[in-house]
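First comes the structure, then the notes that go with it.
2 protein chains.
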Amino acid sequence: MADLTLTTFEWVPEPPRGFVRDLRVRWALEEAALPYRVVGVPGDRGPEHLAHQPFGQVPWLIDGDLSIFESGAILLHLGELSAKLMPSDPRGRSEVTKWVFAALNSVEMASLPWTMLKFMGHANDTPAWKFVDDFLKIRLKHLEPVLAKREWLAGSFCVADILMSDVLRVVDSQGGLAHSPACRDYVARATSRPAFAKAHADQLAHFAAADKARS
Amino acid sequence: MADLTLTTFEWVPEPPRGFVRDLRVRWALEEAALPYRVVGVPGDRGPEHLAHQPFGQVPWLIDGDLSIFESGAILLHLGELSAKLMPSDPRGRSEVTKWVFAALNSVEMASLPWTMLKFMGHANDTPAWKFVDDFLKIRLKHLEPVLAKREWLAGSFCVADILMSDVLRVVDSQGGLAHSPACRDYVARATSRPAFAKAHADQLAHFAAADKARS
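Chains as they are written, first to last, in our numbering: chain A, 147 to 361; chain B, 147 to 361.
The following block contains the structure:
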């Protein structure tokens, strides 16, 4: 029986709430109905934080004597604990694994700089912005026909869908899926799952509780 | 016995030679001494290419009836074929997996836009460039003390080192490791391995042979 503890920040300001990456892990845990607890770490990124997450980010997951950072690594680990998250046959695992990397290293590599620049108000007429904008557009152009032809990336819903739809959800929140209807439908399909709703509400409640503790 | 075929572009222009991502796969295959063949795909990104690599990129790897894209997914797959690339115990695999994702989703997510903008001559005084530059700097700031304290990321040399050192090698080629001596030493340590030299020479020879066929 897995003994799972998820660590996220104990508090963040309003704008990132609902988008902090612990959401991906909460979502997977809810899909699999695995029991877990959530703990908060202060924002000062001290030595103990860096021992678990060397880049000073969240989340990390403790499973018994394993401490795992990187949402991709955590979700592949959880995939091995539940067939609701990843099939156990080699072909099925291979399909899921390549789409997990595609979500993070082909799409999010383009979408995260894009989203940050949009959010910071730097989406304007400079060559650097144009490069970032084109980079995302070409990735969405390739993803669109894939998602137009299938409900989920690897046959049935899996951890790759949690990652890909969470990556695209952030782009959508900044208006970036206006010309990608299949991507937008996919985000709607994924985020209408009860496990997403629970994970999202739980993240908002976690930070709201910290507001009260600070006031 | 694995039956491995690596696909890369049949030809690319001079600048990316030595940096095309099939190098990561060649390097892993050479480290593990696994037999493989290399085939070339034209640059027009036709339907058969997109069936194997939906983003029109390279490489992909065929292993029997599996077709795998994303260098991270390919290297984890090869890691399961050879203890020279990844230990087989759960703790060892977990360590390697998290550093594989860290290389691609924490470091390369920052370094690839940085390198592209540098290469394109857009590393200048705009807020968008400043964001990209700061993004890479903070990731290197966190990685530097990790690499100052260990020879390899996860105990002994593994697929995560192939990915991380290849990601950093590109940054180094654009002068981006000037203030990161431990990162620079790590790149030198990794690229002094005979398997890297063989993989690098083979990639250059592959594209040079295509030059001759075109002339």
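We put the CB at the ideal spot given by N, CA and C, even for glycine. Note that this is a predicted model, so its numbers are computed, not measured.
How big is the Cα-Cα spacing for residue 148 of chain A and residue 213 of chain B?
32 angstroms
When you compare only the Cα positions, how much space is there between residue 286 of chain A and residue 335 of chain B?
37 angstroms
Is the shortest distance between the beta-carbon of residue 285 of chain A and the beta-carbons of chain B less than 8 angstroms?
yes
Rounded separation between residue 281 of chain B and residue 165 of chain A - CA only
19 angstroms
Please state if the CB of residue 150 of chain B and the CB of residue 169 of chain B are separated by a distance shorter than 8 angstroms.
no
Tell me whether residue 359 of chain B is buried or exposed, calling it buried when 16 or more other Cβ atoms sit within 10 Å of its Cβ.
exposed
Neighbour flag for residue 214 of chain B against chain A, beta carbons, 8 angstroms:
yes
Quick test of your reading: residue 288 of chain B and residue 193 of chain A, contact by CB under 8 angstroms. State the CB separation rounded to the nearest angstrom.
Rounded, the Cβ-Cβ distance is 13 angstroms, inconsistent with contact.
Thinking residue 297 of chain B and residue 328 of chain B are a contact (beta carbons under 8 angstroms), I'd like their distance in whole angstroms, please.
Between residue 328 of chain B and residue 297 of chain B the Cβ distance is about 11 angstroms, and since that is not below 8 angstroms, they are no contact.
Reducing DSSP to helix, strand and coil, say where residue 337 of chain A ends up.
helix
Just how far apart, CA to CA, sit residue 275 of chain A and residue 269 of chain A?
6 angstroms
Under 8 angstroms between C-beta atoms, does residue 264 of chain A make it to chain B?
no
Does the CB of residue 268 of chain A have a neighbour CB from chain B at under 8 angstroms?
yes
Return the residue from the list A/232, A/244 and A/238 that minimises the CA-CA distance to residue 220 of chain B.
A/244
Could you work out which residues of chain A lie near residue 154 of chain B, taking near to mean beta carbons separated by less than 7 angstroms?
Under the 7 angstroms cutoff, chain A gives no residues; its nearest Cβ is about 17 angstroms from residue 154 of chain B.
8 angstroms Cβ cutoff, residue 306 of chain A in contact with chain B
no
Quick one: does the C-beta of residue 341 of chain B sit closer than 7 angstroms to a heavy atom of the ligand FAD?
Absence of the ligand FAD is noted for the structure shown, with no ligands found whatsoever.
Is there a Cβ from chain A that is less than 8 angstroms from the Cβ of residue 238 of chain B?
no
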